[in-house]
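Everything below concerns the one structure shown next.
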Amino acid sequence: MLRWGIEKFREGITLACSFGAEDVALVDMVARIDSSVPVFFLDTDYLFPETFEVRDRIIAKYGVRPIAVKPLLTIDEQAAQHGPDLYGRQPDLCCKIRKVEPLKRHLGGFQAWVTGIRRDQAPTRANAGLVEWDKVFNLVKLNPLARFTSEDVWAYIRANDVPYNVLHDRNYPSIGCYPCTRQVKPGEDPRAGRWANFAKKECGLHTETGPGTPVTPSPTPAE
669 MLRWGIEKFR
679 EGITLACSFG
689 AEDVALVDMV
699 ARIDSSVPVF
709 FLDTDYLFPE
719 TFEVRDRIIA
729 KYGVRPIAVK
739 PLLTIDEQAA
749 QHGPDLYGRQ
759 PDLCCKIRKV
769 EPLKRHLGGF
779 QAWVTGIRRD
789 QAPTRANAGL
799 VEWDKVFNLV
809 KLNPLARFTS
819 EDVWAYIRAN
829 DVPYNVLHDR
839 NYPSIGCYPC
849 TRQVKPGEDP
859 RAGRWANFAK
869 KECGLHTETG
879 PGTPVTPSPT
889 PAE
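When you read off a place in the sequence shown, starting at 1, and then add 668, the result is the number in the working numbering.
If you want it as C-alpha cells, here you go:
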C-alpha cells in the first residue's frame, strides 16, 4: 500500500514521524521504496531529549532529513497569551497551538500523508482505514499499519535493525511531549501515560477523519 501511495501521489505525499516505534518502522519501509519522500515531525518545543537522539540515528542510517514543523508561538509567547503551563490546565488548547495548527499549515502543500496509527492503540482509532479522506486536514490519509499489533511493529523493528526511542525500553509505549507523558505501570493501557490526569486520549491529529477510500488503489489494499 505504501508503494501504491508513493507512486500515486509522487511529490505530493509526506510521512509524519513522531519517532515512536510505528513511525520509525515506516521510515524504514518508505526508505526502501523511495528515500526522497519528505519526512516531517512536529517540534512542539516539549519533546524528550531521547526523541531527538533517535531522530539523529534515523538521519545517520537512512540519510533522510526530517523537517521540523514548529508552532507559530514560542513557549514564552504562548505563556504571555494564555498563562504558563497551558498543558496542565487546557491540554486541548495547548495541542491545538503546538500540534494541530502547525500540522494543518504544513499539510496544506500535500495531497496525501502517511501516519503510523494502529487500530488497537485506542478506541478512537479502532475504525481507522488503510486509506481515508482526512476531513480535518483535507487530504488523503494512509495508515499502512492500521492492522498491525504492537508485536508486529516490534518484530519488524528487530528484523530490520531499525533505530528506536530508548524510552520504549523504560515503559513508555506511547511518547509525546514530556510534560504530558509518563511511564506506564504494569497492567495499564499502553496510552495510559498520555495526559494521565485528563480524560483526553488524542491530541487532535487523528480525530474526525472519515472512513472510506477516496480513490481505488490498484491493486486494492486487502482489508
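Glycine residues also receive a C-beta, built at the ideal position from the N, C-alpha and C atoms. Because the structure is a prediction, the values reported are computed rather than measured.
In the DSSP assignment, find the beta strand (DSSP E) that holds A736 and state where it starts and stops.
Position 68 of the sequence shown, counting from 1, holds the residue named residue 736. I735 to V737 is the extent of the beta strand (DSSP E) around A736.
I735 to D711, Cα distance in whole Å?
As a position in the sequence shown, residue 735 is number 67, starting the count at 1. As a position in the sequence shown, residue 711 is number 43, starting the count at 1. So the alpha carbons of these two residues sit roughly 9 Å apart.
Assigned exposure category for K803 - 16 Cβ within 10 Å defines buried:
As a working note, residue 803 is residue 135 in the sequence shown. Classified as exposed, K803 has fewer than 16 neighbouring CB atoms from the shown chains inside 10 Å of its CB.
Using three-state DSSP, classify V808 as helix, strand or coil.
Position 140 of the sequence shown, counted from the start, is the residue given in the question as residue 808. Here V808 sits in strand by DSSP.
Taking contact to mean 3 or more Cβ pairs, one atom from each stretch, closer than 8 Å, check whether the region 756-763 and the region 783-799 are in contact.
Touching, no, given that fewer than three Cβ pairs across the two stretches are closer than 8 Å.
So what does DSSP say about I765, is it helix, strand or coil?
Taking the first residue of the sequence shown as 1, we reach residue 765 at position 97. Three-state DSSP puts I765 in a helix.
K868, DSSP secondary structure in three states
Here residue 868 is taken as the residue at index 200 of the sequence shown, counted from 1. Only weak support is given to the placement of K868: the predicted model assigns it a pLDDT of 44, under 50, and the question is left unresolved by the model.
Can you tell me whether DSSP reads I727 as helix, strand or coil?
Translated into positions along the sequence shown, residue 727 becomes position 59. Helix at I727.
Between which residues of its own chain and R671 is the CB-CB distance below 6 Å, once the five residues before and five after are set aside?
For this step, residue 671 is matched to residue 3 along the sequence shown. Result list for R671: I701, in chain order.
For G751, count neighbouring Cβ atoms within 10 angstroms of its own Cβ and tell me buried if that reaches 16, exposed if not.
The sequence position of residue 751 within the sequence shown is 83, counting from 1. Exposed, since its Cβ has fewer than 16 Cβ neighbours within 10 Å.
Report all residues from its chain with a CB closer than 6 Å to the CB of E690; omit the five preceding and five following residues, and keep chain order.
Locating residue 690 in the sequence shown gives position 22, where the first residue counts as 1. Non-local C-beta neighbours of E690 in its own chain, meaning closer than 6 Å and more than five positions away in sequence, comprise G784, L813 and V821, ordered along the chain.
Can you grab the Cα-Cα spacing for the pair R838 / T719, in whole Å?
Counted from its first residue, the sequence shown places residue 838 at position 170. Counted from its first residue, the sequence shown places residue 719 at position 51. For R838 and T719, the gap between their C-alpha atoms comes out near 13 Å.
Since V821 is in the alpha helix (DSSP H), which residue starts that stretch and which ends it?
Locating residue 821 in the sequence shown gives position 153, counting from the first residue. Start and end: S818 to N828.
Where T682 falls, given that 16 or more other Cβ within 10 Å makes a residue buried
In the sequence shown, residue 682 corresponds to position 14, counting from 1. T682 comes out buried.
Which of helix, strand or coil DSSP assigns to I620
The chain is shown from 669 up to 891; residue 620 falls before or after that span and cannot be answered.
Specify the secondary structure class of T849 as computed by DSSP and reduced to three states.
The sequence position of residue 849 within the sequence shown is 181, counting from 1. Here T849 sits in strand by DSSP.
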